[in-house]
Structure formats: structure tokens, C-alpha cells
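Contents: one structure, followed by commentary.
In our numbering, the protein residues as written are 60 to 632.
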């Protein structure tokens, strides 16, 4: 049977029991999906919405919200991220915010809900508007107008290129969000249009992603995740995925080799942009292969060697001229030679240096600022800041490290983690050339001394203990997790996550020190990650020593919510 298109998703008679999604342990049938779209479309229509801002954490509810807005005749707007400052910056561009989680401070919001009364959805207008955003060279988020037809054509093209690799009915998992075009296309539109299954939540940690995979499934991920897989054992052949996708930046060869060995299948990389959608792919079965355009897409180089794309899912006349420098290959492929503008890739994410600078200059502590991408094994974002009078006083009070952390927290209101500088320099004036023009080399040279990248050379390795309480069989400790802890370095750069290996190590060491249980090394352990643990936060660690079984149990909590729990087999004294 021919897979339904997106515009006729509810009109072509899909089986009622077809599995559309799996989310939080629940299997969602097509009949349930139709009812959820109908009920929420009725709510949107009653609210008189013409432009709906869609912000969901779960890809299934993202699909419900998207089609509910289109069913109600409203424009669907997907912001570049869900940070409060970004949402506030789009004020006036939307009438109602649709979400799947409560959002404090957003009064004009509608929670998507299961079911409800509403007209059954039928064919959708292919010209129905869908708006997305990308980083622009001017420092402001750039609005990209698309239509349902463009998303539909892209999904059909992806299925022509990849469909034979992925079994019908396979689940499409992801470690990336569906809010941006890559996740929207591969985690939401393609599975819906092709008969695959949407995995609702994105996996923040590899433990969750790998445990969810079944034989033949697909995984939509990124270089930021694939380059951090040390210590993970290869997946058993009976559970290997059929397809592992990566996009955002070229994947380093060591990471590509490690991922292929772990998953049992070479990584397939996708190249594209928000304006164009997916453009080309390459299978990493050999080192640095050329990119091959997707079916129906033509890639050319203009007179300056810059990318020119002709694609059926580019709005307008189908022509897009980009800022990527390319070299064409004789066999029809091409190679990327870097970008010619001030949009850089950090952890596989597009970051506008102009936007980071504009956001910094808007802070009361900053008089002027310039952002730069530092080269190396991985791209790193850095910033040079001229403090204002208020900022200079704060810098003198708390020091460079904590002042930089303060600026990072302020930027987090509008920037995704990749857009938060990792390295800082504070000067009385920005360096410039003879004509007053800032030069990249002058700015980058300020960061050449890597030994001084971190203003605190000797960083703590364990959390601060704020209080201890004895238990009949153990101990309870109130801990504060500073963001500058050494064990956090190199794990999830730009992402505020405390790695699981650090939590296990701390439990073993603190138990040995305070309870005399074990030798402080966790050699044999079991662990379950229930919620993400973040730095610059307070948690409670409960340690219980089961002497008869030579075992230690541990549990990290935030208030009454369990974050991580597990047990360690004790050795030593």
C-alpha cells in the first residue's frame, strides 16, 4: 500500500490500529491520533487562533499540535528554541502558545490534551503555512516561511533515499529536538508520511536511547552525541538499528568509526539548512566520502565557489544560494570547504556570532562584546567583553570565572546551550586594526594560551557538602553541585548536565569516606537515571550500607523527585 502523504494523512484510509507513536510507555494508534488532532483543533478554533506558537517536548504532541493548528486554519509557528527570552522576543508574531507541559509566566497558553469533541480531520490545504526560524547573519532570528506541501515533498524525498533501509513499522528514535527543521523532518514528518513510528520524547542520555532501541529501528542524532560514546559497549546484533542519522556538522572520523562499531551500521550524515531542508547525504562506510544530493535536488557552485541549491522543497522558485563554500566532484557529489559568513557550527548547531554579540550588548553589565569560534578538536564558542561600569564592579567583586558564569546564565534566556560561550576575556577595549575593523585573528589570539582558558586552574572534583544526617543504615548528605567541577569538563559541552559516571563515582567515594563502606571505587554497579541532574543546583544524596550483602545503595533527589538511583557492589575494607 502506498504510504499516505501529509496533506491527505487523514483522508486516505490509514488502518485505525496503525501505530503512530510510542510515548512514555503508551502506544498511540492512528484512531487515537485522529481524535487528539480533532479535539485540539476544536479548542484552537474556539480560541480564535490565527497564529499558533507550537512548543512541545514530545514529538507526538508536536505532531498533534501541528495538525490541530492546520485543521483549525491557523498558521503553525515553531520557535528556534523554547527559552523564555526567545518566546518573549516573538511577541506579536503569535496569538496563542500551544504546549504539552505547563509553562509558568505564559498566560496566553493552551495545553494540548488527549481527545475531546471535534470534527474529524480531512484533507489539508498543501499551501497551509508553517513558519520556522534559523540564525541570521544580522544577529536576529531569521523567519523562514514554509508550507505543508514543502514538508510533504521533503518527507517523500527522504523516503525515496532512506526508506529501503528502514523496515515499515520501525520506530524512529531521537536525541535531537523536533522543534528545528532536522528533527521536524526526520522525527515527525517522515515517520508520519511513511508508516514508521514516532518515538515521543527525545533521549537526553545514551542510557535511555540505547535501551529503547529494537532491531530495525532508526536513530536521529547529532555529532554532539556521537562524539561522546566512550565506555559504551556495542549493541547486540539482535537489537541493532537499521539506520543511524547525524546532522548539524561533519562527524569526525574517530567518532564515525566508534559509532559504526557500536551500532553495527555506518552512520548516515545529512547536510542541509533551515531554508532548504535536507540537501544531501553520505554514508560513512569510508573516510570522508563526498556528499551526494538527494533525489530531485541539484547542487551547483556559483562563480565564487558558494553553494547553490535547486530543490522542490525550497520556498518560492526552488533556488537557494548559501554561504557554504563547496568543491564539485566529477561523479556528481561535492565536498564542503567551510562557511563564508558569520554563522558557525558549535556542537553541530548553527550559531549566529552576531546574535550572541547583540544579546551580550543588551545586558546591563556589558558595554561591548565580540564572539568568535575557536578551532581545535571541536569548535568552541568564546567571547571578548568590555564590561560596563556596573559590570566592572561585578567583575572586581566575584572574579572572571563567576562573572563569565553570570553572563552565561543571562544569555541562557535566549540562547540554546551551543550559543553560550565557554571561554571569556574581559578587556577595557576591543582589539581592532588600523581602520578600526575587528579582525578574527586579533580576537582569536586572545585565547591562544590554553593553559589560562579557565580562570580557576585548580577546580574542585567533588560537590560541596552543605549538611549531613545519619540514618540507621547509612547517611544522607545535602550537596551543592558547582558548574566548575572538574569531572563535568568534556561531558555534554554547552549542555547543563551532570554525567552519570560522576554521580556514581561520588557515591562510592563519599560512602568510603563517611561510612567506611568499600574502597571508594565503583567497579560493579547498577544505575537508573530517572531525571537529568544539572549543575549549579542542590541535591540530596542518600547512602545505605547493606553490610550483609556487601552492597551500597544510593539515591540522588531534588526535593521529593528521584533523579538517579542505583547500587554498588563493595570491595575492599
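Where is the CB? At the ideal position from N, CA and C, for every residue including glycine.
Query - residue 230 burial status per 10 Å Cβ neighbour count (16 or more: buried) - result: buried
Query - Limits of the alpha helix (DSSP H) - the one that residue 418 falls within - result: 412 to 420
**Report entry** Boundaries of the alpha helix (DSSP H) in which residue 220 is found, first to last residue
**Finding:** 207 to 221
Report task. Thinking residue 180 and residue 96 are a contact (beta carbons under 8 Å), I'd like their distance in whole angstroms, please. Result -> 5 Å
**Report entry** Unbroken alpha helix (DSSP H) run spanning residue 322, endpoints
**Finding:** 312 to 322
Query raised in the report: Going straight from the alpha carbon of residue 538 to that of residue 219, what length do you get?
Result: 52 Å
**Report entry** Among 471, 272, 262, 432, nearest to residue 590 - alpha-carbon criterion
**Finding:** 262
Requested in this report: Taking residue 284 as part of the alpha helix (DSSP H), name the residues at either end of that continuous run.
Outcome: 282 to 285
Requested in this report: Over the uninterrupted alpha helix (DSSP H) stretch that includes residue 143, give me the two end residues.
Outcome: 143 to 148
Query - Three-state class that DSSP yields for residue 351 in the structure shown - result: strand
Query raised in the report: Taking the C-alpha atoms as reference points, what is the distance between residue 306 and residue 234?
Result: 11 Å
Query raised in the report: Is the segment 77 to 95 close to the segment 117 to 126, with three or more CB pairs under 8 Å?
Result: yes
Query raised in the report: According to DSSP, is residue 265 helix, strand or coil?
Result: helix
Report task. Could you check which residue in 425, 479, 390 has the C-alpha nearest to that of residue 468? Result -> 479
Query - residue 615 in three-state terms, based on DSSP - result: strand
Query raised in the report: What's the gap between the Cα of residue 268 and the Cα of residue 361?
Result: 41 Å
**Report entry** Identified DSSP bridge partners for residue 356
**Finding:** DSSP output for residue 356 lists no bridge partner at all.
**Report entry** residue 226 - containing alpha helix (DSSP H), residue span
**Finding:** Residue 226 -> no alpha helix (DSSP H), and no H or E assigned at all.
Query raised in the report: What do you get for residue 238, buried or exposed, if any count of 16 or more other CB atoms within 10 angstroms of its CB means buried?
Result: buried
Requested in this report: Decide if residue 407 is buried, meaning its Cβ has at least 16 other Cβ atoms within 10 Å, or exposed.
Outcome: buried
Query - Where residue 582 falls, given that 16 or more other Cβ within 10 Å makes a residue buried - result: exposed
Query raised in the report: Skipping 5 residues on each side, what residues in its chain have a beta carbon closer than 7 Å to that of residue 317?
Result: 288
Query raised in the report: Are the beta-carbon atoms of residue 312 and residue 347 separated by less than 8 Å?
Result: yes
Query raised in the report: Excluding sequence positions up to five away, which residues of its chain have a Cβ less than 7 Å from the Cβ of residue 327?
Result: 302, 303, 304, 340, 342
Query raised in the report: Roughly how many angstroms separate the alpha carbons of residue 572 and residue 580, rounded to a whole number?
Result: 11 Å
Query raised in the report: Hey, does residue 94 have any beta-carbon neighbour from chain C nearer than 8 Å?
Result: Considering every chain present, this structure includes no chain C. It has just one protein chain.
**Report entry** residue 400, enclosing beta strand (DSSP E) - first and last residue
**Finding:** Where residue 400 is concerned, there is no enclosing beta strand (DSSP E), given that its DSSP letter is neither H nor E.
Query raised in the report: What first and last residue would you give for the beta strand (DSSP E) that runs through residue 585?
Result: 583 to 588
Report task. Keeping to the same chain, check which residues put their C-beta closer than 7 Å to that of residue 602; ignore five residues upstream and five downstream. Result -> 533, 534, 566, 569, 570, 574, 611, 613
Query raised in the report: Going by other Cβ atoms of all chains shown within 10 Å of its Cβ, with 16 needed for buried, is residue 516 buried or exposed?
Result: A caution first: residue 516 carries a pLDDT of 42, below 50, which makes its placement in the model too unreliable to give a value.
Query raised in the report: With distances taken between CB atoms, is the gap from residue 111 to residue 159 smaller than 8 Å?
Result: no
Query - Exposure of residue 338, with buried meaning 16 or more beta-carbon neighbours within 10 Å - result: buried
Query - Nearest candidate by alpha-carbon position, reference residue 607, set 617, 576, 587, 205 - result: 576
**Report entry** Extent of the continuous alpha helix (DSSP H) run through residue 120
**Finding:** 118 to 130
Report task. Quick one: which unbroken beta strand (DSSP E) runs of 3-plus residues sit fully inside the segment 75 to 120? Chain order, please. Result -> 78 to 82, 85 to 88, 110 to 114
**Report entry** Boundaries (first-last residue) of the beta strand (DSSP E) holding residue 135
**Finding:** 134 to 136
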